[in-house]
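Quick notes on the structure that follows.
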Amino acid sequence: MAIKSVNPFNNKILKTFDEITDQELERKVEIAHKSYLNWKNTAIDERSKLLLKVSSIMRDRKAELAKLITLEMGKLIKQSESEIEMCASVYEYYANNAAEFLKDRPLKTDDGEAFLRLTPMGVILAVEPWNYPFNQVARLTAPNLMAGNTVMLKHSSNVPQCAEMIERIFREAGAAEGVFTNLFLSGKRVGKLAADNRIVGLSLTGSEGAGSSLAEAAGKNLKKSVLELGGSDPFIVLEDGDIDSAVEKAVVGRFGNMGQACTSAKRIIVADAIADEFLQKFTAKLTDLKVGDPLDPETEVGPLSTEDAAAKIEKQVSETVAAGARVVLGGKRIDREGAFFEFTILTDIKPGMVAYHEEIFGPVASFYRVKDDAEAISLANDTTFGLGGVVFSRDIKRAINVADQIDTGMVFINQSLASRPDLPFGGTKRSGYGRELSPLGIEEFVNKKLIFISCDQTKKPQPQE
C-alpha cells in the first residue's frame, strides 16, 4: 500500500512512500530491541546530550520543518513555527530535568532501608496523530529516551514526510540506529506488531476507535498502554469573568490549528447575564478574516488537514442544523479548491443533536447559555469525554470550586488550555488514561523497582532470656 503525502491546500499529492514489508519490519524491531540493550546502560548525561542536539537542530531548521508541517496538514505557517519551538522545548525540558525525575525515591520502613528505582522497560511503540506532527512525537519520545527506553513510531499516514524527517533528525544528532525508528505502517498492522514480545509498551494519541483497538491489543498481550483520545472541552465564562479577555482566549482556544486539537474549546458555555455581549464580540472576532494559502503569513483561515476531514465536518454541521440548531456564523464549505471550511458558531443546541454529543474536530464552536454555576457544571459534565476545560471568573476561589467539579484531567483558569512541558497532560472518561509531559510523563513506561535492605540483625535488641 502506498502512503501518500497530500497538500490539503490544493489536494495535490506531494510524495508517496511504500509501506514497510514484513521482513523489513522484523529487522527494524530486532534492531530497536538490541539498541535498547545498549541505550539503557548509556549514561543519562549522554542521553541528555542527544536530546539537546535534537532540540538545537529543530530550532536551526525551524523554517524548513514548519513548512513541511504546513504542506502536509495545512497548519498556518506561524502556528507551524510555534509548534517547532514547542517541540524543541519539550526535548530541552526532559534533557535538563530527567536526572532529577529519575532519582531513587526513599521509602519509610521500620526494619531496614528501602527505595524505589525507576528503570527502563524496553521498546515503546508510539502511534501518533497528524494535528501536531512533530510535537506529539516529542511528548512521548523525549521522556522515554531519557528513561532509557527506545521508541518506534507509527505516525499518521497523512504526514509521512514529517515522520521521516524526525528519524533523520535523530540520526543527524548522533542517535544509533534503533534508538528512534520511524515505520511506514498501516493501522491494520499495528495489532500484530503490538503482540511482539520485544514491544513492551504502547502509546496512542488519536480517535476513540483507534484507542479502543490499541487498548484491546495491549490488554490481550498484557502490556502497559497510555491513551490520549478525543475531547469536547467546556470553556465556561461566569458572569463576573473578564469578557474581552475570555473572547480573545476563546478565539485562540477554539480556532487555533483550525480547531483540530483534542483540547480545543469546543463548547463555549456562558452565563446568561453576559451571553449576548460575549456572543456579539466573539462573532465579530471571526468575521472578515483572510482565507488563503497557509504558507502565506497573512492568511488567517487555512484548510483542514484532509478533504475527508472537511467533508465530515460539513456532514456533522448540516445534521445538527437540520435537527434545529441555529447557525450564528459560517456553517458551510468555502467555495474554493482545497479542504476549506468556514469558521462556524452554532447555538440552540440540544441533547440528541450531533454537535451536542460528538466531537467536531474543526473550526466549529458550540455556544450555550446557562443560568448559574450549577447549570454550567452540569452541562460541562454531560459528555463522554473528559480531557480539559477552562473557567473564567475574577473570583479565583469560585473558579476553583467550579473547576473542582468538572470531570476532566485538566482545567485552566482565566487562560485557554495550553500544552506545556512542565504541566501534566491527559484526561479521564473516554478521553483516555495516563499522562504525558511534566515529571509524570517520564513515569508511564518505567519499572518502579523496589529495593529493600534488611537491618543488620546484630543491631536489633536481643530477646530477654
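Its first residue numbered 65, the sequence shown is counted upward by one per residue in our numbering. Cβ coordinates follow ideal geometry from the N, Cα and C atoms, glycine included. Computed from a prediction, not measured in an experiment: that's the story for all the values here.
Quick one: grab the DSSP three-state call for residue i.
i, result
"Thr522", "In this prediction, Thr522 has a pLDDT of 40, which is less than 50 and means its spatial position is unreliable; nothing more can be read from the coordinates."
"Pro170", "strand"
"Ile377", "helix"
"Asp82", "strand"
"Val546", "Any answer about residue 546 is impossible in this case: the structure gives the chain only from 65 up to 529."
"Glu145", "helix"
"Glu507", "coil"
"Pro72", "coil"
"Tyr196", "coil"
"Lys512", "strand"
"Gln528", "Low per-residue confidence applies at Gln528: pLDDT is 48, beneath 50, and the placement is therefore not dependable, though the value from the model is reported in the following sentence. Three-state DSSP puts Gln528 in coil, outside helix and strand."
"Lys25", "The requested residue 25 does not occur in the structure, where the chain is confined to residues 65 to 529."
"Pro488", "coil"
"Val455", "strand"
"Leu140", "coil"
"Thr134", "helix"
"Thr384", "helix"
"Arg494", "helix"
"Val201", "helix"
"Val154", "helix"
"Arg390", "strand"
"Arg181", "strand"
"Val223", "coil"
"Ala190", "strand"
"Ala162", "helix"
"Ala531", "Any answer about residue 531 is impossible in this case: the structure gives the chain only from 65 up to 529."
"Ala107", "coil"
Contact defined as beta carbons within less than 8 Å: I believe residue i pairs with residue j. What is the distance between those atoms, to the nearest angstrom?
i, j, result
"Ile230", "Val187", "Actually they are not in contact, since the Cβ atoms of Ile230 and Val187 sit about 17 Å apart, beyond 8 Å."
"Phe342", "Val301", "6 Å"
"Thr363", "Asp357", "6 Å"
"Ile470", "Pro298", "7 Å"
"Leu31", "Phe407", "It is not possible to answer for residue 31, since the shown part of the chain is limited to 65 through 529."
"Gly498", "Thr472", "Going by Cβ atoms, the distance from Gly498 to Thr472 rounds to 15 Å, so no, they are not a contact pair."
"Tyr211", "His219", "Note that residue 211 corresponds to Ala in the displayed sequence, not to Tyr. Not quite, the Cβ-Cβ distance comes to about 21 Å (not below 8 Å), so this is no contact."
Residue i to residue j, Cα distance in whole Å?
i, j, result
"Val223", "Asn246", "12 Å"
"Val455", "Ala440", "10 Å"
"Asn208", "Thr347", "43 Å"
"Gln225", "Lys139", "15 Å"
"Ile377", "Ser99", "43 Å"
"Glu110", "Ala240", "12 Å"
"Leu189", "Ser277", "14 Å"
"Val434", "Ile333", "7 Å"
"Glu149", "Glu177", "44 Å"
"Glu423", "Pro367", "19 Å"
"Gln324", "Glu164", "34 Å"
"His421", "His97", "42 Å"
"Leu114", "Ile477", "36 Å"
"Phe431", "Pro415", "13 Å"
"Lys288", "Gly265", "5 Å"
"Arg458", "Phe319", "24 Å"
"Tyr157", "Asp486", "8 Å"
"Leu268", "Lys512", "22 Å"
"Gln344", "Gly402", "30 Å"
"Ala467", "Ala130", "35 Å"
"Asp86", "Gly255", "14 Å"
"Glu236", "Phe425", "35 Å"
"Tyr196", "Met185", "26 Å"
"Glu489", "Arg400", "According to the sequence provided, residue 489 is Phe. The question's Glu does not apply to it. Straight-line Cα distance between these residues: approximately 37 Å."
"Cys151", "Asn160", "14 Å"
"Gly505", "Leu204", "8 Å"
"Ile133", "Ser250", "20 Å"
"Ile507", "Thr214", "It is Glu, not Ile, that sits at residue 507 in the sequence shown. Each residue's Cα considered, the two are about 15 Å apart."
"Val385", "Gly273", "26 Å"
"Phe509", "Arg397", "43 Å"
"Gln528", "Cys519", "Low confidence applies here, because Gln528 scores a pLDDT of 48, under 50, leaving its location unreliable; read the following figure in that light. Between Gln528 and Cys519, the C-alpha separation is close to 20 Å."
"Asn74", "Leu501", "35 Å"
"Asp412", "Ala337", "17 Å"
Taking 7 Å as the cut-off, does the CB of residue i come closer than this to any heavy atom belonging to the ligand NAP?
i, result
"Pro485", "The ligand content of the structure shown is nil, which means the ligand NAP is not present either."
Could you tell me whether the Cβ of residue i comes closer than 8 Å to any Cβ of chain B?
i, result
"Ile95", "Protein chains in the displayed structure number just one, and chain B is not present."
Inset, instruction - Please specify which runs of the beta strand (DSSP E), each continuous and at least 3 residues long, are wholly inside the region 393 to 449, giving them in chain order. - result: Every beta strand (DSSP E) stretch that sits fully inside the region 393 to 449 and reaches 3 residues is listed by chain position as 408 to 411 and 428 to 434.
Inset, instruction - Please confirm if the region 168 to 176 is in contact with the region 119 to 136, defined as three or more CB-CB distances below 8 Å between the two stretches. - result: No: the two stretches stay apart, fewer than three of their Cβ pairs being nearer than 8 Å.
Inset, instruction - Output the residue ranges of the alpha helix (DSSP H) runs that lie fully inside the region 458 to 486 and measure 4 residues or longer, sorted by chain position. - result: Runs found: 460 to 468.
Inset, instruction - Tell me the start and end of each unbroken beta strand (DSSP E) in the region 282 to 366 that is at least 3 residues and wholly inside, in chain order. - result: The region 282 to 366 contains these whole beta strand (DSSP E) runs: 288 to 292, 298 to 301 and 331 to 335.
Legend entry - Continuous alpha helix (DSSP H) assignments of at least 4 residues falling wholly in the region 239 to 283: The region 239 to 283 contains these whole alpha helix (DSSP H) runs: 254 to 258.
Inset, instruction - Report yes or no: do three or more beta-carbon pairs, one from the region 289 to 304 and one from the region 476 to 496, lie closer than 8 Å? - result: Using a Cβ-Cβ distance cut-off of 8 Å, the region 289 to 304 and the region 476 to 496 are in contact, since at least three pairs of beta carbons, one from each stretch, lie closer than that value.
Inset, instruction - Report yes or no: do the region 352 to 369 and the region 146 to 163 share at least 3 C-beta pairs separated by less than 8 Å? - result: In short, these stretches do not touch, since the Cβ pair count stays below three.
Legend entry - At least three beta-carbon pairs within less than 8 Å, the region 85 to 98 to the region 257 to 265: Segments in contact, yes.
Inset, instruction - Evaluate the contact criterion for the region 301 to 315 versus the region 477 to 490: three or more CB pairs, one atom per stretch, below 8 Å. - result: Taking a cut-off of 8 Å on C-beta distances, the region 301 to 315 touches the region 477 to 490, as three or more cross pairs fall below it.
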